[in-house]
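Heads up, the sequence shown is in my numbering, so the first residue is 0 and it goes up one at a time.
C-beta: ideal position from N, C-alpha, C; glycine also.
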Amino acid sequence: MTESLQPRPTVRLEVREVDVAYGDTTVVNQVSFMLETGTIGCLLGPSGCGKTTLLRAIAGFEPVSQGEILIRGQPVAKPGWVLPPERRHIGMVFQDFALFPHLTVARNVGFGLRSGLHAMSSQQRQERVGELLELVGLSQAAELFPHELSGGMQQRVALARAMAPRPDILLLDEPFSSMDAELREQLAREVRALLKREEVTAILVTHDQLEAFAMADMIGVLNEGTVHQWGTGFGLYHEPANRFVADFIGQGVLLPASVLDSLQVRTELGRISSPQPHGLEPGIAAEVLIRPDDILYDESSPRRATIVERAFRGAEFLYTLQLDSGSEVLCLVPSHHRHAVGERIGIRLEADHLVVFACPCSGSP
């Protein structure tokens, strides 16, 4: 059995109520989460939300002003003290890959194994580089230079180099941002498979939710330095904690509704029920989240809506529909049912869960 297949020791990452500030400006505010060994986490949010700053604090490049960060149960950062990055046993994959242009693929991968904490003998280094190049599917490219590789191949070289010293934690800072959307999602799945094979604990920073869904086990949605929700992609999509998460994750609209009881609301499309109480008082004005998959195309339905926008998605059209009230909803329709903007089509509501928020004017939380 090769060394890479040996069980890894427990590597838990804990971020406890962490603040990061630049002068009087707090960029990361009271962030807490935990990752167990072999778990892939993601910090997801819009540009400027603090996700890269938090990643840099985990790496040791930024000090924390409050809270603490622990690896293997040992503090690596707290106010007034920072364990240097080189002593944290952390690997990083940067946005631009940062490959050495004058070194071959094999020498790039083995660069960090020549000296310092991760120094290996020549034979050990050769074995580890060969093992990783096989793992990332680049054995035949060992003697090529970075400029001779595609963007996707360069990304895999950068990943192999970061994994070479067997880091406890791998940090990936927008590593697919320079690629088109289809390649980003494909590479995210490939990288996930590689990290799972080596049981690497990892954190990805991205603004792309499809990339996050394809790669991560757990996702933290950040905005203005705060984690609004930490959970699985499925949970974030179907049970968003607040309006920001509901708006940022997936597609959907908030449709006006009135609360009937603890399990039901009424909308202009009909009643929506849920097996779980929503926590709002009967009678108050509310808004319910309607996803495209909650609205079904049905020409036999008496309820009609006007197409105001149409986007071709291959197997489906995404229609933006205007209801009689003027409110809009989204609907996915098989692409062999092609309708023009301005046409009225039959729809029906089929929502089996309820995500509802009190209207800001209602005074409820």
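Apart from the 5 residues on each side of it in sequence, PHE93 sits with its Cβ closer than 8 Å to the Cβ of ALA157, ASP172, PRO174 in its chain, given in chain order.
Taking 4 residues as the minimum length, the stretch 270 to 347 contains no alpha helix (DSSP H) run wholly inside it.
By the Cβ-count criterion, ASN107 is buried, with 16 or more other Cβ atoms from all chains shown falling within 10 Å of its own Cβ.
Listed in chain order, the non-local C-beta contacts of LEU82 below 8 Å within the same chain comprise GLY59, PRO74, VAL75, ALA76, local neighbours out to five positions each way being set aside.
With 16 or more other CB atoms across the displayed protein chains lying within 10 angstroms of its CB, ASP293 is buried. Cβ-Cβ separation between LEU170 and MET91: approximately 5 Å, consistent with a contact (criterion under 8 Å). Under the three-pair Cβ rule at 8 Å, the stretch 128 to 145 does not count as touching the stretch 44 to 61.
Contact between LEU203 and GLN154 is ruled out by a C-beta separation of about 13 Å, above the 8 Å threshold. Taking C-alpha positions only, ARG71 is separated from THR305 by approximately 57 Å. Here VAL340 is exposed: its Cβ has fewer than 16 other Cβ atoms, across all protein chains shown, within 10 Å. Between the alpha carbons of ARG337 and TYR296 lies a distance of about 12 Å.
PHE356 carries a strand assignment under DSSP once its states are collapsed to helix, strand and coil. Setting aside the 5 residues that flank it on each side, SER257 is surrounded in the same chain by ARG265, each with a C-beta closer than 6 Å to its C-beta; the list follows chain order. Under a 10 Å Cβ-count criterion, GLU35 is classified as exposed, with fewer than 16 other Cβ atoms of the shown protein chains found around its own Cβ. For PRO166, the CB contacts under 8 Å within the same chain, skipping 5 residues up- and downstream, are HIS88, ILE89, GLY90, VAL199 in chain order. An exposed status is given to ARG188, since fewer than 16 other beta-carbon atoms sit within 10 Å of its beta-carbon.
Separation of the CB atoms of LEU259 and PRO281 is rounded to 6 Å, and the pair is thereby assigned contact status at 8 Å.
In this structure LEU221 is in contact with GLY49, their Cβ atoms being roughly 6 Å apart against a cut-off of 8 Å. Shown here for VAL26: same chain residues with a beta carbon closer than 7 Å to its own, the five before and five after excluded, namely VAL19, ALA20, GLY49, THR52, GLY224 in chain order.
Bridge partners of SER257 according to DSSP: ARG265, ALA284.
Scanning ILE271, GLY136, ILE168, HIS335 for the CA closest to the CA of PRO84 turns up ILE168. The beta carbon of VAL104 lies closer than 8 Å to those of LEU132, LEU137, ALA140, ALA141, GLU142, LEU143, PHE144, PRO145, LEU148, VAL156 in the same chain, with the five residues before and after it left out. Counted as a single uninterrupted DSSP element, the alpha helix (DSSP H) harbouring ALA58 occupies residues 50 to 58.
Out of ARG347, MET162, PHE212, the CA that lies nearest to the CA of GLY109 is found in MET162. Each residue's CA atom was taken as its position, placing PRO239 and GLY79 some 36 Å apart. According to the DSSP secondary-structure assignment, GLY219 is paired through a beta bridge with LEU42, TRP229. A residue is called buried when at least 16 other Cβ atoms come within 10 angstroms of its Cβ; ALA314 does not meet this threshold and is exposed. It is roughly 8 Å from the alpha-carbon of ASP246 to the alpha-carbon of VAL252. Distance check between THR231 and each of GLN250, ARG242, PHE243, GLN208 places GLN208 closest, using alpha-carbon atoms only.
Residue state for SER176 is assigned as coil, using DSSP reduced to three classes.
Note on geometry: alpha-carbon atoms of SER326 and SER273 lie some 23 Å from one another.
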